[in-house]
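The numbering used here applies: residue 2 is where the sequence shown begins, and numbers increase by one. Notes follow the structure.
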Amino acid sequence: MASNKRIAILGSTGSIGKSALNVVKNLSGVEAWAISGMSQTELLKQQVREFSPRFVVAAGEDAQPPIDPAEFSNDGATELLTGPQGLIQIACAPEVDIVLAAIVGFAGLESALAAVKCGKQLALANKETLVVAGHLITSLAKESGTQILPVDSEHSAIFQAMLSGQRKEVSKVILTASGGPFLSAPKESLSAVTVEQALDHPTWQMGKKISIDSATMMNKALEIIEAKWLFGLTADQIEVVIHPQSLVHSMVTFADQSTIAQISPPDMRLPIQYAFTWPERVPGPAPAMDWSEACQLDFMPPDFDRFPALRLGFEVAEQGGSAGAVVNAANEAAVDAFLKSELSFTDIVTACREVLEHHNFEAHPSFEQLVAADRWAREEISRWIAA
Ligand code: NAD
Ligand code: MG
């Protein structure tokens, strides 16, 4: 690479953020120019000392105890910004080449939108952004001529596999799913699942919200919607297959029925790095496949009856409009409630479907309408729990 690429990492204290900093550390030609975190101020300070960014954003507005800028100054090398405004400032800073959107949930939407509006290359981990506002983000990206590079491992795999042909030759994309911790659990046992069991993912170490989403398979539902927007697909061009080993990260089938797969050990540093170095490939910290060991790749169709989130994902992908914002907010609120033991595991998806079915559908929602739909769906979940 010619000159250093300057990266703004939104959500550097999270699972993706930490992997991204590890990529930066092991890769020449990229620099963590700005970082941000919400509540883990000690970790954020440590990251400031190690990576010496130009800016650090403490995104929480109500930090207790209040934040002391001197503690983040890194001998004057780093400047502290606070609140959501700080995120937008670093997402749009003229010095920044790539914005990594790695904040979890709807909270990451505004800064990701700002990055695209400002014409930044967007390395997108925050899939909720596309689920909520896929139509806004993709049309803004077209307008500003900017590239959205998927970080989600499945979508990075599809992005890579798509390079084997032309867009018009793509017939289907096949999203692989590990199946999560309850792949072979009997349906009757699912309502009694504990938080600890649901957080224990067999192949990936991730943040809490996405770990629960993987257990309900709502994660795959969100990824169906994400794929629709990223690759301009219709819902019937997307298929889901269970692949417990998480080695084949997804596949693309072309018009001649040739299927191209992307294979690597489950490690998010590879898709993060590719989003940073694209269109180039360079050596990095991600591990290689070990073909000297016997290994098995299993594939099986998903069970729509045990994992009703999947059908919901296909339906919402087909509906578009405000449906994504509603199901996403309902899910965020329901997952929160499950983590606080206010809702059972199986009620997460049941509640999401009910909220979706009761909402006033808007075909072309504005940003403000999406914010309102998000708020409404969260309130509906509270009512559902209280009822
Ligand atoms: P995480 O919970 O580990 O980290 C979330 C980050 O967002 C943290 O830095 C946190 O401080 C910040 N944050 C949370 N709420 C915020 C708010 N209101 N304002 C500002 N910052 C806030 O989550 P994660 O697992 O790293 O996931 C991040 C995103 O990447 C999610 O959208 C997830 O779906 C997606 N993703 C994650 C993985 C993975 O392996 N972890 C894989 C694919 C996609
Ligand atoms: Mg994924």
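Beta carbons are placed, not taken as given, at the ideal position from N, Cα and C, and that holds for glycine.
With residue i as the anchor, note down where its alpha helix (DSSP H) starts and where it stops.
i	result
Ser383	368 to 387
Met290	No alpha helix (DSSP H) contains Met290, which DSSP labels as neither H nor E.
Just curious, the beta strand (DSSP E) that residue i is in, first and last residue?
i	result
Lys173	171 to 178
Glu240	239 to 243
Gly38	31 to 38
Ile99	99 to 102
Ile149	149 to 151
Thr260	260 to 264
Val249	249 to 255
Look at residue i and residue j and say whether their C-beta atoms are less than 8 Å apart.
i	j	result
His360	Ala338	no
Ile226	Val117	no
Leu11	Ala92	yes
Ala21	Ile273	yes
Pro288	Pro302	no
Leu231	Ile175	no
Drop a sphere of 10 angstroms on the beta-carbon of residue i, count the other beta-carbons inside from all chains shown, and report buried for 16 or more, exposed for fewer.
i	result
Gly77	exposed
His202	buried
Phe305	exposed
Leu164	exposed
Gly109	buried
Met290	exposed
Pro284	exposed
Asp214	buried
Please report how far the alpha carbon of residue i lies from the alpha carbon of residue j, in whole angstroms.
i	j	result
Met2	Ser112	Confidence in Met2 is poor, its pLDDT being 46 and thus under 50, which makes the residue's placement too unreliable to answer from.
Pro309	Gln48	40 Å
Arg376	Ser383	11 Å
Asp299	Leu131	30 Å
Gly87	Leu45	15 Å
Leu141	Ser293	46 Å
Ala7	Asp98	A quick correction: the sequence has Arg, not Ala, at residue 7. Cα to Cα, the separation comes out at about 5 Å.
Val31	Leu191	44 Å
Glu197	Pro95	43 Å
Glu381	Cys353	9 Å
Val194	Gly61	32 Å
Phe73	Val327	38 Å
Ala35	Val57	6 Å
Comparing the CB of residue i with every heavy atom of the ligand NAD, is any distance shorter than 7 Å?
i	result
Ser251	no
Ser265	no
Lys341	no
Following a CB-centred definition, is residue i positioned closer than 7 Å to any heavy atom of the ligand MG?
i	result
Ala153	It is Asp, not Ala, that sits at residue 153 in the sequence shown. Under cutoff, so the answer is yes.
Glu129	no
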